[in-house]
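> The structure follows.
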Amino acid sequence: MWKLCKKIEKFSNALQPFCNNEWSFSTDNVQAMWSHLSEEDQQLFQFSMVGFDWTKYLIDHYMGLRLYLLNEDNSTLKISRIKYRR
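At position 83 of the sequence shown (counting the first as 1) the number is 83 in UniProt numbering, and the numbers step up by one without a gap.
Below, the structure written as structure tokens:
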């Protein structure tokens, strides 16, 4: 139990600066770069988040976590969903 408490404390101390600080980022350089691109390049390198499919991104992210972090393949997905609904 003591080991678990120490791990939780260590983890919370590592995350503390990211949770307690306010972060602001500027996109001035990206906007300047975008305005210098030709129309053809703007069509080729679309990085506007307006048309981004968040649902597909989150599903792919979840499936990647299952596969690479939890080492579970898609054959256990149906069983996991049944357990989750209980």
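Built from N, CA and C at the ideal position, the CB exists for glycine as well.
Which full runs of the alpha helix (DSSP H) of 4+ residues lie inside the region 19 to 44, going along the chain?
If we require 4 residues or more, the alpha helix (DSSP H) runs fully inside the region 19 to 44 come out as 28 to 36, 39 to 44.
> For L77, name the three-state secondary structure that DSSP assigns.
As a position in the sequence shown, residue 77 is number 77, starting the count at 1. Residue state, collapsed to three classes: helix.
> Contact defined as beta carbons within less than 8 Å: I believe D73 pairs with L67. What is the distance between those atoms, to the nearest angstrom?
Counted from its first residue, the sequence shown places residue 73 at position 73. Counted from its first residue, the sequence shown places residue 67 at position 67. That pair is a contact at about 7 Å.
> Kindly indicate the opening and closing residues of the alpha helix (DSSP H) around G64.
Position 64 of the sequence shown holds residue 64. 54 to 64 is the span of the alpha helix (DSSP H), which, as asked, contains G64.
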